[in-house]
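According to numbering that gives the first Met the number 0, the sequence shown is numbered sequentially starting from 0.
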Amino acid sequence: MLIPHLHFCGDCAHAIALYEKVFDTKVESVIYSRDFLPDENNNDNRIAHAVMYIHGQKIFLNDRFGNKDKSSDIAVHLIILFKNTEELLTCYEIMKPDSTIIDPMTELPYSKLAVQFIDKYGVQWGFMVQEEI
Numbered sequence: 000m001l002i003p004h005l006h007f008c009g010d011c012a013h014a015i016a017l018y019e020k021v022f023d024t025k026v027e028s029v030i031y032s033r034d035f036l037p038d039e040n041n042n043d044n045r046i047a048h049a050v051m052y053i054h055g056q057k058i059f060l061n062d063r064f065g066n067k068d069k070s071s072d073i074a075v076h077l078i079i080l081f082k083n084t085e086e087l088l089t090c091y092e093i094m095k096p097d098s099t100i101i102d103p104m105t106e107l108p109y110s111k112l113a114v115q116f117i118d119k120y121g122v123q124w125g126f127m128v129q130e131e132i
């Protein structure tokens, strides 16, 4: 099993809240740093480990590392295949504020509608419509 692991450098709880809203999902589990090593991290509200499912894919998230550099020159980004244009547009409108557009919304030979962007937490996304899902 391959599991994407997203790092947020202190913004993990905010990212989880956004992704729950956008993708109509709930975080499955959250372990805070203060609970993981309570003697060392008494007042540490950062997330040490969280699990959620986005479009059926298990995702790990935490506050360790993280890079808000909005460069599009990265090796990995997450692709979401939507069932229809309306679903893509609804999710994108929620994610759009403070995001950086890499490829504006357009039709592609392999997708009725597609957009690529970096969200406000530095995660690069590709949203596409593939009607045969």
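Glycine included, each C-beta is placed from N, C-alpha and C at the ideal position.
Can you check which of these residues, the options, is closest to residue i by C-alpha distance?
| i | options | result |
| --- | --- | --- |
| Asp-10 | Ala-49, Asp-62 and Tyr-18 | Asp-62 |
| Glu-168 | Arg-33, His-48 and Ile-117 | Coverage of the chain is limited to positions 0 through 132, which leaves residue 168 absent and any answer about it impossible. |
| Ile-143 | Leu-5, Thr-105, Lys-119 and Leu-107 | Lying outside 0 to 132, the shown extent of the chain, residue 143 is not represented and no answer is given. |
| Tyr-18 | Pro-108, Gln-129, Cys-90 and Met-104 | Cys-90 |
Indicate whether residue i and residue j have their beta-carbon atoms separated by less than 9 Å.
| i | j | result |
| --- | --- | --- |
| Gln-115 | Asp-102 | yes |
| Phe-126 | Ile-78 | yes |
| Phe-7 | Leu-60 | yes |
With burial defined as no fewer than 16 other Cβ atoms inside 10 Å of the residue's Cβ, what is the status of residue i: buried or exposed?
| i | result |
| --- | --- |
| Gln-56 | exposed |
| Glu-75 | This sequence places Val at residue 75; Glu is not what is there. By the 10 Å Cβ count, Val-75 comes out exposed. |
| Tyr-120 | buried |
| Asp-34 | exposed |
Take residue i and list the residues in its own chain whose beta-carbon comes closer than 6 Å to its own, dropping the five residues that flank it on each side.
| i | result |
| --- | --- |
| Met-104 | Val-114 |
Give me, in chain order, the residues of the same chain whose beta-carbon lies closer than 7 Å to that of residue i; leave out the 5 immediate sequence neighbours on both sides.
| i | result |
| --- | --- |
| Ser-110 | Met-127, Val-128 and Gln-129 |
Exercise. At what residue ranges does the stretch 77-115 contain a whole run of the beta strand (DSSP E), taking only runs of 3 or more?
Worked result: 77-81 and 99-107
For this session: Note down, one range per segment and in chain order, each beta strand (DSSP E) of at least 3 residues found wholly within the stretch 0-46.
Result: 4-6 and 26-31
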